[in-house]
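What follows is one structure encoded as structure tokens, with my remarks underneath.
There are 2 protein chains.
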Amino acid sequence: MNDTAHAGADLLQVTEPHRELLDQVLDKWSLQVLDQLCGRPLRFNELRRAIPAIGQKSLTTTLRRLERNGMIERLVLPVRPVAVEYRVAPVGDTLNQLVDALLQWTTQNMTEVELSRKRFDAQN
Amino acid sequence: MNDTAHAGADLLQVTEPHRELLDQVLDKWSLQVLDQLCGRPLRFNELRRAIPAIGQKSLTTTLRRLERNGMIERLVLPVRPVAVEYRVAPVGDTLNQLVDALLQWTTQNMTEVELSRKRFDAQN
DNA sequence: CGGCATCCGATCGGATACTG
DNA sequence: CAGTATCCGATCGGATGCCG
Numbered sequence: 001m002n003d004t005a006h007a008g009a010d011l012l013q014v015t016e017p018h019r020e021l022l023d024q025v026l027d028k029w030s031l032q033v034l035d036q037l038c039g040r041p042l043r044f045n046e047l048r049r050a051i052p053a054i055g056q057k058s059l060t061t062t063l064r065r066l067e068r069n070g071m072i073e074r075l076v077l078p079v080r081p082v083a084v085e086y087r088v089a090p091v092g093d094t095l096n097q098l099v100d101a102l103l104q105w106t107t108q109n110m111t112e113v114e115l116s117r118k119r120f121d122a123q124n
Numbered sequence: 001m002n003d004t005a006h007a008g009a010d011l012l013q014v015t016e017p018h019r020e021l022l023d024q025v026l027d028k029w030s031l032q033v034l035d036q037l038c039g040r041p042l043r044f045n046e047l048r049r050a051i052p053a054i055g056q057k058s059l060t061t062t063l064r065r066l067e068r069n070g071m072i073e074r075l076v077l078p079v080r081p082v083a084v085e086y087r088v089a090p091v092g093d094t095l096n097q098l099v100d101a102l103l104q105w106t107t108q109n110m111t112e113v114e115l116s117r118k119r120f121d122a123q124n
């Protein structure tokens, strides 16, 4: 046993590149885009309709970032007018499984969280 | 079989409250705070030193939000001058396990991600 | 259709000063 | 020590207009 003595459980530490990656693929919109692309590819405007709250600008940057990190693939279909298809890449799919685990976690703990919020808000 | 016909895998959909919760407990700083508090409690300034990049303001709001959602507990110790101890609550601990899974995922896929980034950046 | 460029108000977050 | 309060520059993101 070495000198880092607090009870194990995290052998991993959060180094900058790791934190940055999670930051890029796990943000507010990326979660939903990833979730929407689960299973079947979607077009740009299909994604917009599927996630009404997202603006065109945000969707664009989100898709670009996900593509840059290899989470999704961008396919320009040879038709007129232009059609672009987005689909999850294999790596993105492994991430998607973790995202699903997170969503399950939220459903399981939502009531407790809401109770905690009520208690907190009442006190302050 | 009903009319939502794309291949299963996600039975969960991202509803607003769920998305909002993940947004509050899974953001950039919350991840690191949660990770730091894993196992042992820490004081305010201990957290600051453990996460040098975080500002005092951001740390405060992050801790408040985590507390409000029930992820951590805030203990004011009866000493002079004031001492405050932060520790993960049981719910937060279940979240922490998912965060650890995410960190493992980043370590496993970091090289592939970096390759993807190089390819992307070279093209644009 | 799938963007990019620009303007611009709102929000974030760092730096600094002060307090129980 | 553990914050709160304030100022303020930087960043985000919506709205709009234009294009291949």
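Protein chains in written order, with UniProt numbering: chain C, 1 to 124; chain L, 1 to 124. Just so you know, even glycine gets a beta-carbon here, dropped at the ideal spot from N, CA and C. In this text the structure is predicted, and so the values were computed from the model without any measurement.
Asked, Found
"Beta-carbon neighbours of residue 120 of chain C, restricted to chain L and to distances below 7 Å", "67, 68"
"Proximal residues to residue 29 of chain C (C-beta, below 8 Å), its chain only, five neighbours per side dropped", "51, 54, 58, 59, 62"
"Any chain L beta carbon closer than 8 Å to residue 50 of chain C", "no"
"Proximal residues of chain L, C-beta to C-beta of residue 62 of chain C below 7 Å", "Under the 7 Å cutoff, chain L gives no residues; its nearest Cβ is about 14 Å from residue 62 of chain C."
"Three-state class that DSSP yields for residue 89 of chain C in the structure shown", "coil"
"Assumed close pair residue 22 of chain L, residue 102 of chain C - CB separation to whole angstroms, cut-off 8 Å", "6 Å"
"Minimum Cβ-Cβ distance from residue 123 of chain C to chain L less than 8 Å", "no"
"Chain C contacts from the region 8 to 30 of chain L (Cβ-Cβ distance under 7 Å)", "9, 10, 12, 14, 17, 18, 19, 21, 22, 23, 26, 28"
"Proximity test, Cβ basis, 8 Å: residue 116 of chain L and chain C", "yes"
"Under 8 Å between C-beta atoms of residue 87 of chain L and residue 73 of chain L", "yes"
"Under 7 Å from the C-beta of residue 83 of chain C: neighbouring residues of chain L", "Residues of chain L passing the Cβ test: none, with the nearest at roughly 18 Å."
"Beta-carbon proximity of residue 71 of chain C to residue 42 of chain C, cut-off 8 Å", "no"
"CB contact check: residue 105 of chain C to chain L, cutoff 8 Å", "yes"
"Reduced DSSP category for residue 43 of chain L - H, G, I as helix; E, B as strand; rest coil", "strand"
"DSSP three-state assignment for residue 57 of chain C, whether helix, strand or coil", "helix"
"Cβ-based burial, residue 68 of chain L [other Cβ within 10 Å; buried from 16]", "buried"
"Beta carbon proximity, residue 110 of chain C to chain L, threshold 8 Å", "yes"
"Coil, strand or helix - residue 14 of chain L by DSSP", "coil"
"Proximity to residue 14 of chain L [Cα-Cα], best of C/116, C/105, C/120", "C/105"
"Cross-chain neighbours of residue 102 of chain C in chain L, by beta carbon under 8 Å", "22, 26, 98"
"Within chain C, partners of residue 76 of chain L - CB distance below 8 Å", "The premise fails here: residue 76 of chain L is roughly 13 Å from chain C at the closest Cβ pair, so nothing lies under 8 Å."
"Residue burial classification, residue 2 of chain L (beta-carbon count within 10 angstroms, cutoff 16)", "Confidence is the limiting factor: at residue 2 of chain L the pLDDT is only 44, short of 50, which leaves the residue's position unreliable and the question unanswerable from this model."
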